[in-house]
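Participant: Below is the structure I would like to discuss, written out as structure tokens.
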Amino acid sequence: MGLRGLRKQLLVNVEGTTKVTNVVLTGMMKRNKGAIVNIGSSVVVVTPSSPLYALYAATKAMKLAFPQLQTTKSLNPMLL
């Protein structure tokens, strides 16, 4: 995968998730209810470390952790 492919993967898996989560979370906070359903990949826990999967696995790990971080932050903004 070339540099262009790596950048595309980062944009979709990291920036896309970040933007959508923040928009959805803002509305949930105003309504004081809601849920974030995160659909990801098992590559983070199933695939052994491999240079070929390193970036993909890292972006998927972020995709898994980010909504949890945002939920914690929204419950107690002083934490972050």
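Read the sequence shown against this note's numbering and you will find it ends at 109, with the numbers running on by one and no gaps.
Beta carbons are placed, not taken as given, at the ideal position from N, Cα and C, and that holds for glycine.
In this text, all values refer to a predicted model and were calculated from it rather than measured experimentally.
1. Roughly how many whole angstroms lie between the Cα atoms of residue 63 and residue 49?
2. Straight-line CA distance for residue 91 to residue 43?
3. What is the C-beta distance between residue 93 and residue 67, in whole angstroms, given that I count them as a contact (C-beta under 8 Å)?
4. Under a Cβ-count criterion, where at least 16 other Cβ atoms within 10 Å of its own Cβ denotes burial, should residue 88 be classed as buried or exposed?
5. Span of the alpha helix (DSSP H) holding residue 34?
6. Give me, in chain order, the residues of the same chain whose beta-carbon lies closer than 7 Å to that of residue 35; leave out the 5 immediate sequence neighbours on both sides.
7. Buried or exposed for residue 55, please, with buried defined as at least 16 other CB atoms from any protein chain shown within 10 angstroms of its CB.
Facilitator: So, to answer that:
1. Taking the sequence shown and counting its residues from 1, the one referred to as residue 63 is at position 34. Taking the sequence shown and counting its residues from 1, the one referred to as residue 49 is at position 20. Their backbone Cα atoms lie some 14 Å apart in a straight line.
2. The count along the sequence shown starts at 1 and reaches residue 91 at position 62. The count along the sequence shown starts at 1 and reaches residue 43 at position 14. Whole-angstrom Cα-Cα distance: 7 Å.
3. Translated into the one-based positions of the sequence shown, residue 93 becomes position 64. Translated into the one-based positions of the sequence shown, residue 67 becomes position 38. Confirmed, Cβ separation roughly 7 Å.
4. Indexing the sequence shown from 1 puts residue 88 at position 59. Result: buried.
5. Taking the sequence shown and counting its residues from 1, one reaches residue 34 at position 5. Here the alpha helix (DSSP H) through residue 34 covers 32-39.
6. Translated into the one-based positions of the sequence shown, residue 35 becomes position 6. Counting only Cβ-Cβ distances below 7 Å, and skipping sequence neighbours, we find 84.
7. Numbered from 1 along the sequence shown, position 26 holds the residue referred to as residue 55. Exposed, since its Cβ has fewer than 16 Cβ neighbours within 10 Å.
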